[in-house]
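Chains as they are written, first to last, in this note's numbering: chain A, 928 to 1378; chain B, 928 to 1378.
Using N, Cα and C, we set each Cβ at its ideal position, and we do this for glycine too.
Since the model is a prediction, treat every value here as computed from it, not as a measurement.
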């Protein structure tokens, strides 16, 4: 009998491995930060565990990957929804006046708690003061790829792209080798950063071996501006600049044609599909079924909570399955099993991390969630993927394990004091409310700087 | 001090009355089956209550109205999702072999529990053995309009339309005057019942003063068949037959043009919009923003749980808000406050019940829900409607009151034994699984009878 740290038993183990094996009453064995074994109930016979987590008939899955967000914007969640010219009237002025180290940390803590409790075990973030995001993410116990923003605009943490790159260098140095945090660079978008700065980002990324996160082909305006300036699509333009490679993950990719898709594929770029945020803002829908046919690396993202409101990936899955069916006029498009794959191993692939996370397999990092099936909506279950995509709620998550550590158990977060974080967010919200009151009165808007 | 039965206090009271009043720390006073008073915290000073329900900072709303479902199909939830020719390969054979009194009752109990726990207080149902649905709905304690199906096809409870009408007469007699149940007639659809039978339904409806529920303009095939036969749209055809009036509620209405909308408006017909089910089946999206401009009575429905999987209305709201924005290319279309109206007073109007339910107002029936805001996704709240539409989950419902009776408290159902109902559903699911195994092996399909 081998001594191990943790056995999860008595659940339906949905591995998301290449064969999509499902063990109706399975076990997952964890030693340290790694999965040692996955299989049916007999799997655990060879092990004696320090701790046993009883899944009580629930679904055991690899942790969900949120492949694109701005977690600190949880402080602004639900603000000025449904209003005209929201970006310039509210988002930019709010960010200009309020985004500082404290807000970034408090927002990231609050948003990370939401993610942990809803089964997200890895996130990719783009924002300012990413060292504060890293601190918050580590406190909660999540895994993250964190991209420090570089933009042609005075940002809360850097007055210029040069200053942002300097900030990023320090950030990278501080967190390199961290078991949970992968520091990264986040050039904002092809049209909000000059080509020379995009090249400088690529150069730093290559030299330090860190990933790059970017917004790409997100709006019609972006496409028009880049085309007017260069005659190229945003994707082709980024390729010309030299940014398309196996270190890049691009969010959105709504306005891409077959040549763009082929280019993204040949350069091994990852794509984060943000369905909920993209349709709420009426931007459009990325051609994900086509991307999957072409073998692209595609995962799911929530975008920031001012865009998509929630940070969980379970809530994205139903939209992804259904809106693509509507658009294609085909009720069999993007079946539930493929959507669960996008939410797990797909997200891992979009971040080029599929060798370490995204499925329950011996040797991978132990990022695991347990989803309860007590809710009446979760019965009967004829197909686990259907239940997950068409009926589950983020609130059904009962346990989350990241890097072998149980951070959520029985629906409760074990790592930080939730009530204290909530109080902090409510206090921040009061400051936001008074600023918004002023913005609504004066009608002042930020200059047209970054879009 | 007047003695009353129940006071709900310490919540944000979202009345959905004509002025859309919201009381940030409000109270609702209930006597018997009615709301006696609604207002700020001072409202309750004049009353002494038998029971006080502390909303603990949650949101207090009128109960949600599920304006179209087939609740008993909860037994088949999630079965054969994403497969080709699902209706004939699975749904019809399943209904033919398995739908009997026992299944209808067990499915309706299970689905009613889901609705109660997710804040639906009134549903409109179309199925077979509606007396069994009525029994289940009353056991759980919900309010319902229940339409006994009339169809040109041998049904589980009636061999012919004549037999179905006879069944319906008995059903109506049994439940007329019931405080919770409104018996109704449900001619299946314009193309699945001959004109003479549609007229017979209308005649019975007029004579007994009962509502009529129908599927209308749901598929392209329906539109084509009716047009080929009559030269009319399904809406215009139903008008010619004499069915369009203030007793009719029509589900779907996807394929309607401006003349159809004007006709539905002038005849005061209610419409149930089933966004999730309609996009999952790739049928299309009803032009609801246009319907609202024209002043139509529109509510939200889930459709049956084989179509939409879940029976809660909270989960519909986000789809309704976002998919219409996508289709119109307008991020300000269907703002959250309008969507909450569709889910509450809109559903009441769609069922012609707005004089009794759909808003929190003195004199209306006491159908009330409390939605908790403890989930991290529910903070901060800058706008209650945004929080409800873009962040809330059906699982956040903490209390439900129907007709003055508390049926859910602290998230627990007080009326029937949930575990026992769940066991019944699991046993049924076993029977379903073995039949489905047989269908998959033989590939036998039902004849093209009703579509």
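One finds 1258, 1259 and 1262 in chain B with Cβ atoms closer than 9 Å to the Cβ of residue 1010 of chain A, taken in chain order. Take the alpha-carbon of residue 968 of chain A and the one of residue 943 of chain B: they are about 52 Å apart.
With contacts defined as CB atoms closer than 8 Å, residue 1267 of chain B and residue 1343 of chain B fail to qualify as a contacting pair. Listed along the chain, the chain A residues whose CB falls inside 9 Å of the CB of residue 1317 of chain B are 1004, 1005, 1008, 1203, 1207, 1235, 1236 and 1237. Restricting attention to A/1036, A/1211 and A/1195, the CA atom closest to the CA of residue 1202 of chain A is found in A/1211. For residue 929 of chain A, the enclosing beta strand (DSSP E) has its first and last residue at 929-941. Residue nearest to residue 955 of chain B within the set B/1036, B/1295 and B/1311 is B/1295 (criterion: CA-CA distance). Between residue 1060 of chain A and chain B, the shortest Cβ-Cβ separation is not below 8 Å. Residue 1128 of chain A is positioned such that its CB atom lies no closer than 8 Å to that of residue 1140 of chain A.
For secondary structure counted as the beta strand (DSSP E) over 3 or more consecutive residues, the segment 1272-1299 of chain A holds these complete runs in sequence order: 1295-1298. At least one C-beta of chain A is nearer than 8 Å to the C-beta of residue 1356 of chain B.
In this chain, residue 1047 of chain A is not harboured by any alpha helix (DSSP H); it is covered by the beta strand (DSSP E) spanning 1047-1054. Straight-line spacing of the CA atoms in residue 1253 of chain B and residue 965 of chain B works out to 37 Å. Within 8 Å of the CB of residue 1252 of chain A, the CB atoms of chain B belong to 1206, 1207, 1208 and 1209, in sequence order along the chain. For residue 1075 of chain A, the uninterrupted beta strand (DSSP E) run begins and ends at 1070-1077, by DSSP. Residue 1062 of chain B sits away from residue 1048 of chain B, with the two beta carbons spaced by 8 Å or more.
By the Cβ test, the segment 946-961 of chain B is not in contact with the segment 1272-1279 of chain B, since fewer than three Cβ pairs between them sit closer than 8 Å. Distance from residue 1181 of chain B to residue 1145 of chain B at the Cβ level is roughly 6 Å; contact confirmed, criterion being Cβ atoms closer than 8 Å. For chain A, the residues of the segment 1025-1042 of chain B that bring a beta carbon within less than 7 Å of one of its beta carbons are 1037, 1040 and 1041, in chain order. As a beta-bridge residue in DSSP terms, residue 967 of chain B pairs with B/953.
Residues 1049, 1226, 1274 and 1275 of the same chain have their beta carbon placed closer than 6 Å to that of residue 992 of chain B, with the five preceding and five following residues left out of the count. At a C-beta separation below 7 Å, residue 1313 of chain A has these neighbours in chain B: 1005 and 1008.
At a cut-off of 4 residues, the continuous stretches assigned as alpha helix (DSSP H) that sit fully inside the segment 1158-1192 of chain A are 1161-1168. Cβ-Cβ distances below 6 Å link residue 1041 of chain A to 1238 in the same chain, with the five nearest sequence neighbours on each side left out; the list follows chain order. Listed along the chain, the chain A residues whose CB falls inside 7 Å of the CB of residue 1178 of chain B amount to none; the nearest CB is some 18 Å away.
Residues of the same chain with a CB within less than 7 Å of the CB of residue 1101 of chain A, apart from the 5 flanking positions on each side, are 1058 in chain order. Ranked by Cα distance from residue 1307 of chain A, the first of B/1302, B/1002, B/1283 and B/1219 is B/1002.
Only residues of its own chain outside the window of five on either side were considered, and among them none has a CB closer than 6 Å to the CB of residue 1158 of chain B.
Per the DSSP secondary-structure output, residue 1143 of chain A pairs in a beta bridge with A/1179.
Distance from the CA of residue 1284 of chain B to the CA of residue 962 of chain A, rounded to the nearest whole angstrom, comes to 54 Å.
Listed along chain B, the residues sitting closer than 8 Å to residue 1353 of chain A by beta-carbon distance are 1306 and 1307. Contact residues of the segment 1283-1302 of chain B toward chain A are 1302 (C-beta to C-beta distance below 7 Å).
In this structure, residue 1046 of chain B keeps its C-beta atom at 8 Å or more from the C-beta atom of residue 985 of chain B.
Looking at the backbone, the Cα of residue 1356 of chain A and that of residue 1116 of chain A are separated by about 29 Å. Going by DSSP, residue 988 of chain B is part of the beta strand (DSSP E) stretching over 986-989. Residue 1350 of chain A is classed as exposed because its beta carbon has fewer than 16 other beta carbons within 10 Å across all chains shown.
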